[in-house]
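Numbering (this note's numbering), first residue to last: 19 to 231.
Written out as structure tokens, the structure reads:
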């Protein structure tokens with residue numbers, strides 16, 4: 019289990035601040051909120067991730083420390099064994115064509131607060147704003163059509179058209195599924211089940227500077 023006190027100390031060091039008061043101002047929370055996090059040994063990761071994005075802080079450095087994680091990224095074996103594989107926008111077309119070939123070559127990040135997630139896709143469309151912003155990554159767990167949840171957000175890999183992020187609306191019939199978008203400027207989309215090569219359920223999203231990818 020991650021130690022909140024250690025993470026907060028590391029965050030202050032990475033941000034070059036000394037006190038909880040200074041840190042609370044950066045995180046835009048009340049000073050007693052940080053005290054509460056320490057007592058409960060839990061914290062609001064959304065605020066921390068936003069600050070890491072603004073200040074270009076690697077989440078791995080924050081959560082685990084540089085020396086613990088970085089060496090594991092130096093070999094292909096290390097990439098294969100840990101973390102969520104990050105599929106950036108420029109790799110999506112290649113992923114659709116040959117996912118099994120490129121996955122072992124990708125760097126991975128570990129998100130301890132998101133269990134059983136395997137891949138993260140960079141968002142290239144505004145159809146899910148404001149829920150999911152363009153250029154952010156949606157962190158995904160493998161899903162199947164039979165167990166989809168209405169209202170859940172999913173990534174669909176269409177072997178013919180590409181990678182898409184939508185909110186699942188309903189089953190139309192034995193062959194078709196209806197998806198919607200959080201941006202009202204985009205129309206609902208109908209997908210045939212047999213056109214969906216892969217289906218991933220979105221478990222989290224973040225907008226981050228990833229210099230090592």
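All residues carry an ideal CB built from backbone N, CA and C; glycine is no exception. Computed from a predicted model, the values in this text were never measured in an experiment.
*Cβ pair residue 201, residue 148 closer than 9 Å*: Position 183 of the chain shown, counting from 1, holds the residue named residue 201. Position 130 of the chain shown, counting from 1, holds the residue named residue 148. Cβ distance < 9 Å, so residue 201 and residue 148 count as in contact.
*Count the other CB atoms within 10 Å of the CB of residue 186; is the residue buried (16 or more) or exposed (fewer)?*
Walking along the chain shown from the start, residue 186 turns up at place 168. With 16 or more other Cβ atoms within 10 Å, it is buried.
*asked:* According to DSSP, simplified to helix, strand and coil, what is residue 48?
replied: In the chain shown, counting from the first residue as 1, residue 48 sits at position 30. In this structure, residue 48 counts as coil in the three-state DSSP scheme.
_Burial state of residue 119, where buried means 16 or more other Cβ atoms lie within 10 Å_ = The residue given as residue 119 occupies position 101 in the chain shown. Per the 10 Å Cβ criterion, exposed.
*Please state whether DSSP places residue 94 in a helix, a strand or coil.*
Counting from 1 along the chain shown, the entry for residue 94 is found at position 76. Its pLDDT being 36, under 50, residue 94 is placed unreliably by the model, and the measurement read from it follows with that caveat. Note: residue 94 maps to helix in three-state DSSP.
_Whole angstroms are fine: how far does the CA of residue 113 sit from the CA of residue 207?_
Walking along the chain shown from the start, residue 207 turns up at place 189. Walking along the chain shown from the start, residue 113 turns up at place 95. Using only the alpha carbons, I get a separation of about 22 Å.
*Outcome for residue 140 when other beta-carbon atoms lying within 10 angstroms are tallied against a minimum of 16*: Numbered from 1 along the chain shown, position 122 holds the residue referred to as residue 140. Under this definition residue 140 is a buried residue.
*asked:* So for residue 210, helix, strand or coil by DSSP?
replied: In the chain shown, counting from the first residue as 1, residue 210 sits at position 192. Residue 210 falls in the strand class under three-state DSSP.
*Which of helix, strand or coil does DSSP assign to residue 64?*
As a working mapping, residue 64 is identified with position 46 in the chain shown. Three-state result, residue 64: helix.
*Indicate whether residue 46 and residue 31 have their beta-carbon atoms separated by less than 9 Å.*
Residue 46 sits at position 28 when you count from the first residue of the chain shown. Residue 31 sits at position 13 when you count from the first residue of the chain shown. For residue 46 and residue 31, no; Cβs fall outside 9 Å.
_DSSP bridge partner residues for residue 198 (one or two, in chain order)_ = Reading the chain shown from its first residue, position 180 is the one you call residue 198. Residue 198 pairs with 185.
_Helix, strand or coil at residue 160 [DSSP, three-state]_ = Looking up residue 160 in the chain shown gives position 142. It is a strand residue.
*Using the C-alpha atoms, what's the distance from residue 116 back to residue 190?*
Locating residue 190 in the chain shown gives position 172, counting from the first residue. Locating residue 116 in the chain shown gives position 98, counting from the first residue. Going by the C-alpha atoms only, they are around 30 Å apart.
*So what does DSSP say about residue 126, is it helix, strand or coil?*
Translated into positions along the chain shown, residue 126 becomes position 108. Three-state DSSP puts residue 126 in a strand.
*Under 6 Å Cβ to Cβ from residue 94, same chain only, skipping five residues before and after it: list those, please.*
Stepping through the chain shown from its first residue, residue 94 is reached at position 76. Low per-residue confidence applies at residue 94: pLDDT is 36, beneath 50, and the placement is therefore not dependable, though the value from the model is reported in the following sentence. Within the same chain, residue 94 has no close Cβ partners at all.
_Which same chain residues end up closer than 8 Å to residue 168 when comparing Cβ atoms and leaving out the 5 residues on each side of it in sequence?_
Numbered from 1 along the chain shown, position 150 holds the residue referred to as residue 168. 186, 187, 188, listed in sequence order.
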